[in-house]
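Protein chains in written order, with numbering that gives the first Met the number 0: chain A, 0 to 402; chain B, 0 to 402; chain C, 0 to 272; chain D, 0 to 272.
No residue lacks a Cβ here, since even glycine has one placed at the ideal position from N, Cα and C.
Everything numeric in this text was worked out from a predicted model, so none of it was measured.
Notes follow once the structure below has been shown.
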Amino acid sequence: MASATKPSSVAKFTELPKEGKFGEFGGQFVPEILMPALRALENDYLSIRTQARFQNELKALRTDYCGRPTPLYFARRLTEYAGGARIFLKREDLLHGGSHSINNALGQALLARELRRSRVLCATGSGEHGLATAMACVLLELQAEIYMGAADIERHATTVEQMKLLGARVHAVTRGSQRLKDATHEALRAWVTHLQDAYYLIGSSVGPHPYPLIVRDFQRVIGDEIKGQLLRREQRLPDLVVAAVGQGGSAIGTFFPFVQDEKVRLLGVEAAEAASLTQGTVGVFHGAKTYLLQDEHGQVQPTHSLAAELDYAAVGPEHAFYKKLGRAEYIAVSGREALEGGRLLAELEGILPSLEAAHAIYAGVQRAKKLKRDQIVVITLSGRGEKDLRLYYDRQQLSGQAV
Amino acid sequence: MASATKPSSVAKFTELPKEGKFGEFGGQFVPEILMPALRALENDYLSIRTQARFQNELKALRTDYCGRPTPLYFARRLTEYAGGARIFLKREDLLHGGSHSINNALGQALLARELRRSRVLCATGSGEHGLATAMACVLLELQAEIYMGAADIERHATTVEQMKLLGARVHAVTRGSQRLKDATHEALRAWVTHLQDAYYLIGSSVGPHPYPLIVRDFQRVIGDEIKGQLLRREQRLPDLVVAAVGQGGSAIGTFFPFVQDEKVRLLGVEAAEAASLTQGTVGVFHGAKTYLLQDEHGQVQPTHSLAAELDYAAVGPEHAFYKKLGRAEYIAVSGREALEGGRLLAELEGILPSLEAAHAIYAGVQRAKKLKRDQIVVITLSGRGEKDLRLYYDRQQLSGQAV
Amino acid sequence: MIVSNYLAKRFEELQRRQEAALVAFLMAGDPDLPRTLEYARAVEGGGADVLGLGVPFSDPIAESPTLEEAAHRALRHGVHLQDVLQIVRELRKSSTIPILLLSYYNPILRLGEEAFARRCSEANVDGVLIPDLPIEEATSWVNQARKYGLARIFSATPETGDERVKQICEFSSGFLYLVSRYGATGAREALAETALPLIERVRPLLPSDLKLVVGFGISTRPQIESVVRAGADGVMVTSALVARIAEGISPEALSAYVRELKEATRCPSPAPS
Amino acid sequence: MIVSNYLAKRFEELQRRQEAALVAFLMAGDPDLPRTLEYARAVEGGGADVLGLGVPFSDPIAESPTLEEAAHRALRHGVHLQDVLQIVRELRKSSTIPILLLSYYNPILRLGEEAFARRCSEANVDGVLIPDLPIEEATSWVNQARKYGLARIFSATPETGDERVKQICEFSSGFLYLVSRYGATGAREALAETALPLIERVRPLLPSDLKLVVGFGISTRPQIESVVRAGADGVMVTSALVARIAEGISPEALSAYVRELKEATRCPSPAPS
Ligand SMILES: Cc1ncc(COP(=O)(O)O)c(C=O)c1O
Ligand SMILES: Cc1ncc(COP(=O)(O)O)c(C=O)c1O
């Protein structure tokens with residue numbers, strides 16, 4: 000079980016990172032060429048984020064375009080199965096595009112438009128973030144430039160087709176491992192050469208300040224809604240909030256609104272095959288100090304999660320901070336366990352989760368078993384699972400009958 | 000342009016069909032063996048439909064599980080493109096499962112549970128209705144038995160995998176053309192032999208009375224929500240409401256709440272390759288009198304729409320009634336035009352519609368062009384388009400640059 | 000009310016002989032029209048009392064797979080209503096066997112009920128069974144059938160309550176077709192458990208001028224014997240014949256099979272109406 | 000403030016000779032360690048004034064593809080920081096050329112800033128350039144570098160405003176590395192338009208003890224000549240060398256190429272600081 004939050008730790012949280020840092024984590028470890036752009040982004044964003052006009056437009060598009068608020072669904076059968084705490088699912092899988100990605104992509108695209116940028120650059124691994132970015136760009140009349148490793152393009156061909164149908168330019172990156180990190184480097188190169196007219200749209204709460212702040216601001220709607228919905232429905236806060244952690248965007252959006260609520264425990268679930276918080280050490284990667292999977296030389300290690308969006312060697316710096324403080328607990332769940340969790344949800348609730356979210360489902364159910372019937376667990380169901388159908392299905396075929 | 004509704008015609012609408020008929024259409028053209036079951040279903044349903052407990056449970060699941068209400072989205076760029084009436088989209092594509100199908104499947108599955116049936120039978124063509132049925136059955140702890148033509152199973156393999164993951168039994172029908180009609184016949188055979196414990200769940204507003212009524216009751220939430228949302232937002236009713244018509248479920252759900260509003264014009268859009276209302280003649284098919292594509296001998300004609308769910312030789316009897324009365328106008332849109340409409344929506348709004356819904360988009364945009372800027376067109380966006388990606392993409396590749 | 004002569008006469012004759020009627024159904028046009036004619040003559044030669052001809056329809060619902068597939072084969076040869084009537088006319092040249100048509104409603108609706116009734120009558124069809132036309136939808140058809148002297152064959156099933164059986168009888172003429180088992184048609188070895196109690200239940204509800212013919216799943220002598228002993232005035236054999244034709248049985252062998260079944264109708268009925 | 004001896008001396012010497020410095024960078028371990036040693040000696044032999052060695056890192060951001068690929072090749076041979084220091088020690092046996100290391104921050108952080116600084120100092124490294132360590136994150140590093148007598152090379156770019164240039168200069172020692180063009184590093188034929196005005200703008204902002212070295216995209220004599228004429232104290236050549244090594248150039252040919260570039264640094268600078 001998670002150790003309860005140390006009371007003192009809560010005091011350390013501030014809404015805005017101090018000097019770009021969450022405790023010792025975060026910061027701006029980037030080449031000098033990017034510093035003025037980041038500084039300007041920070042200044043612009045800090046003034047825009049509180050503008051009513053901006054917030055109203057964002058809210059309207061979230062509601063009418065994305066489908067917010069998403070339901071907080073009481074999973075009756077899953078609860079009966081676990082036999083412990085009541086389990087609620089935050090249905091981010093119902094959003095436009097099929098995952099929480101659009102929360103962030105739309106927010107940042109709106110920001111890009113406010114900043115009068117005409118092009119939006121992004122790097123994507125499985126294509127999920129790229130697709131969300133393409134959608135938001137269409138909506139706001141921006142040109143999306145999607146950088147994607149050639150190997151990833153092959154693996155996720157249908158997502159790429161969708162992005163192209165949406166008018167995005169997809170740049171195949173044939174360097175290196177031809178995967179997300181190579182795409183990231185290529186996208187950064189493109190940004191550096193177009194700082195004036197391009198906006199670089201990071202897909203999760205990673206990267207240099209102010210990106211982790213920006214992404215958390217756009218994802219916190221998840222936790223804010225959970226809180227409001229649960230208070231309205233049950234007149235109380237949850238006992239435990241669970242979210243999958245890849246780079247950590249949906250999880251930080253889920254956790255942040257509860258950080259000051261000392262009694263609400265927070266559980267972040269990593270893929271065991273890419274568990275930077277539970278198996279990594281402190282390092283600097285892609286612009287921020289955080290937990291990182293690295294060897295003794297400080298070289299970044301390859302990861303091997305079946306869940307494309309969890310397959311990342313580091314994690315957002317705010318999670319590193321929460322871990323260090325003991326404010327959130329982080330555990331790792333294997334791909335096999337996640338598949339089991341996903342199948343369980345399909346068979347009990349008729350919902351096939353993304354394999355990423357299935358990590359949280361698995362862990363959340365395990366924890367719910369050990370909690371009392373009058374307790375409440377909320378799990379963020381961050382995406383839908385059609386994209387992972389093949390993995391689920393092949394595995395089911397292998398193991399004969401399902402769970 | 001649609002001829003305005005004749006004032007007198009509105010008087011003819013009653014909420015419940017009289018003696019199982021909408022005007023001359025509908026009825027119960029089924030073998031005697033089914034008559035007692037239909038009679039019992041009618042009686043049971045008429046008493047259940049007004050029960051607060053039933054309605055409350057349905058409402059709760061619609062909200063928390065399916066994601067209702069769905070947004071009514073003002074399509075700014077599509078409106079600008081058309082340059083005429085303002086276009087709103089009813090976002091049924093955001094529902095659990097990706098289309099309006101769950102509205103009906105969930106309602107009927109709840110009904111099946113009320114009737115203490117343990118098994119739910121259904122026939123499905125593209126698998127969309129089967130998947131929605133499988134989801135609803137998981138939720139309500141019913142055994143889903145899905146009948147599907149072997150040819151359709153091959154064509155829609157991933158949907159079949161999803162249904163299986165959800166624990167549905169999928170029965171491959173190897174007879175005849177191995178498609179929807181063969182699956183329907185096989186499912187009916189199964190029903191006839193299990194009248195006591197099985198519920199036959201029809202996927203759209205077709206079949207013998209009381210099915211068209213039941214399906215309309217469960218789909219009218221679409222139109223009811225449109226009405227409420229538009230009144231709240233614009234303090235007025237739409238000038239034109241547009242929906243795609245396959246068997247006609249989503250369209251009847253869209254239209255029905257506006258039937259008595261004489262000034263609201265209704266436009267149903269068929270696939271030109273399966274246009275029973277615009278090219279058919281009156282006949283009897285699958286239990287109801289309606290418009291039907293048939294030859295001079297009364298044999299039912301094969302249809303050839305690219306849009307799997309529009310590929311049906313007949314249409315729900317209530318549409319036949321609306322057509323005959325002139326209350327709704329029905330037009331046909333070709334597959335090529337629909338692909339164009341779908342691509343347009345993708346490129347202007349970042350939303351890829353199901354190819355079925357794309358028929359409505361195309362027609363709605365054409366009409367909006369001819370209307371005034373202070374008028375309002377609402378189009379039901381009945382499903383999302385991932386399933387049709389290949390068709391869109393291949394076509395785009397063929398025609399080089401998109402629209 | 001006019002009842003077609005051949006059918007009524009045949010039942011009278013059978014009653015005199017203390018036999019039940021063997022109603023033998025074929026799918027017209029399966030495998031093709033000339034062979035339907037041959038098989039029809041073979042069936043008659045084997046001693047069938049009534050000949051039924053199915054009119055092929057593209058979308059028969061709740062039909063046995065055997066009949067559905069036979070209909071599709073016939074349709075592939077372009078066999079439609081007028082061809083079936085042509086067969087009837089052909090047969091009529093040399094036979095007075097009562098002939099029934101079984102047709103789904105849509106081909107009839109397409110032609111028009113009256114036109115259909117008239118043509119049947121002109122071709123000397125004796126009666127018509129429309130499987131997807133329950134009594135609720137049958138008022139106008141019954142009027143046409145009356146006008147043109149066609150027997151109106153409706154069905155009752157184990158699902159049909161007593162009141163409804165009586166209502167159906169009011170719409171019927173010639174005989175009531177009792178579907179003896181749950182489920183769609185198709186030959187089964189054993190007679191459904193529901194058959195005999197069903198006959199016992201329904202028998203007393205029939206008016207005296209309406210015969211009771213039992214069908215669905217009948218293919219053997221013992222089945223026929225027990226049905227007849229339970230009080231049926233006749234049995235209808237359909238899928239058993241159509242299936243044999245699908246397997247390419249010779250007309251002679253079909254004739255022999257029918258003869259064997261006909262034998263079974265000669266067992267004494269306990270309570271002749 | 001201690002500045003490494005070799006580097007400061009070399010700049011003094013060059014100033015006396017009215018030459019600009021040629022800073023030649025290689026990726027250590029590409030294609031392998033022995034050949035890095037050979038190429039380094041060839042570069043020195045060709046007249047380079049300062050030798051730079053890149054420490055391979057798995058994830059260099061905003062780096063030229065040329066350098067990224069070179070780093071990956073080196074990593075495939077398992078070349079890490081300690082191996083690079085080994086090369087430095089090897090070179091030091093016979094040479095007093097000023098040696099700079101270029102390393103991303105994470106390998107340094109992993110080892111510990113102090114341990115890294117100490118080891119560099121022990122190996123007689125003259126200075127360190129950490130491309131992803133802007134001044135905001137550099138306070139503790141600067142303290143270590145000071146303590147161990149390492150030159151602290153920071154960058155300025157066309158994006159860097161005057162105020163910030165001044166701040167950067169306060170953190171720097173040895174020279175300010177001026178990135179002459181937008182975009183990531185990589186050899187380009189033409190010198191970016193931004194280079195010359197940039198030099199003109201930045202030059203007056205530098206304290207007198209800080210040299211100005213211009214780089215990114217330099218590969219030809221004319222480029223060097225115009226940069227030197229605009230007031231640079233040196234030029235840095237990186238991708239041009241790494242690319243040639245990737246193509247398998249011989250050490251002799253590389254030496255000749257460096258000699259040619261070095262020629263260009265001897266054109267008279269208009270305003271020696
Ligand atoms: C569909 C989907 N995408 C991505 C992620 C990972 O998001 P992040 O990298 O922001 O943690 C998740 C996490 O649960 C997910 O379910
Ligand atoms: C996804 C989807 N499925 C099915 C249909 C057809 O539904 P129905 O047959 O009920 O008219 C539509 C109609 O627009 C649709 O968009």
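Of the residues the options, the one placed nearest residue i, counting alpha carbons only
i               : options                           : result
R174 of chain B : B:D294, B:Y146, B:L266 and B:H303 : B:Y146
G19 of chain B  : B:P30, B:N42 and B:I32            : B:N42
E385 of chain B : B:E355, B:T379 and B:V364         : B:E355
F254 of chain B : B:F28, B:H318 and B:R38           : B:H318
A263 of chain D : D:L6, D:E246 and D:V236           : D:V236
K261 of chain D : D:V78, D:G44, D:F170 and D:G230   : D:G44
R38 of chain B  : B:P352, B:Y210 and B:E113         : B:Y210
G148 of chain A : A:A131, A:L141 and A:A182         : A:A182
C65 of chain A  : A:T157, A:L291, A:Q300 and A:A131 : A:A131
Heavy atom of ligand 4 within 6 Å of residue i beta-carbon
i              : result
R48 of chain B : This structure does not include ligand 4; its bound ligands are ligand 1 and ligand 2.
Residues bridged to residue i [DSSP beta-bridge criterion]
i               : result
C121 of chain B : B:I145
Q293 of chain B : B:V299
L380 of chain A : A:R90
Y431 of chain B : Since the displayed chain B opens at 0 and closes at 402, residue 431 of chain B lies outside it and no answer follows.
M235 of chain C : C:V22
V213 of chain D : D:L177 and D:V234
Cutoff 7 Å; reference residue i; Cβ partners in own chain excluding five residues on either side
i               : result
T277 of chain A : E269, Y329, I330 and A331
A271 of chain B : A331, V332 and S333
A183 of chain D : Reliability of the predicted coordinates at A183 of chain D is poor, the pLDDT of 43 falling under 50, and no value is obtained from them.
E282 of chain D : For residue 282 of chain D there is no data in the structure shown, the boundaries of chain D being 0 and 272.
E12 of chain D  : none
E233 of chain A : I375
Y147 of chain D : A116, R117, C119 and S120
Cutoff 6 Å; reference residue i; Cβ partners in own chain excluding five residues on either side
i               : result
E336 of chain B : Y361
A357 of chain B : A337, G340 and G341
D310 of chain B : A273, T302 and S304
P70 of chain A  : R90
Neighbourhood of residue i by C-beta, 8 Å cutoff - its chain only, sequence neighbours within 5 removed
i               : result
A39 of chain D  : L25, L50, L52, I86 and L90
G82 of chain C  : The question names Gly, but residue 82 of chain C in the sequence shown is Asp. Excluding sequence neighbours, D82 of chain C sits near A27, G28 and L32.
A150 of chain B : S176, Q177 and R178
V227 of chain D : A19, V234, A263, T264, C266 and S268
**Asked** Using 8 Å as the Cβ pair cut-off and three pairs as the minimum, do the segment 122-132 of chain B and the segment 88-107 of chain B touch?
**Response** The count of Cβ pairs closer than 8 Å, one atom from the segment 122-132 of chain B and one from the segment 88-107 of chain B, reaches three, so the stretches are in contact.
**Inter-stretch contact (C-beta, 8 Å, three-pair minimum) for the segment 242-252 of chain C and the segment 64-82 of chain C** = Touching, yes, given that three or more Cβ pairs across the two stretches are closer than 8 Å.
**Message:** Under 8 Å, CB to CB, which of the residues in the segment 31-65 of chain B have a partner in chain C?
**Reply:** Hits within the stretch, in order: E31, I32, L33, M34, P35 and A36.
**Asked** Quick one: any contact between the segment 185-203 of chain B and the segment 73-93 of chain B, if contact means 3 or more CB pairs under 8 Å?
**Response** A contact is defined here as three or more CB-CB pairs under 8 Å, and the segment 185-203 of chain B fails this definition with respect to the segment 73-93 of chain B.
**Prompt:** How about the segment 280-293 of chain A and the segment 103-115 of chain D: do they share at least three Cβ pairs that are nearer than 8 Å?
**Reply:** A contact exists between the segment 280-293 of chain A and the segment 103-115 of chain D.
**Item:** the segment 131-141 of chain A / the segment 67-82 of chain A touching (three or more Cβ pairs under 8 Å)
**Value:** The segment 131-141 of chain A, when compared against the segment 67-82 of chain A, does not touch it at the 8 Å Cβ threshold.
**Prompt:** Does the segment 197-214 of chain A come close enough to the segment 155-175 of chain A that 3 or more CB-CB pairs lie under 8 Å?
**Reply:** Short answer: they don't touch.
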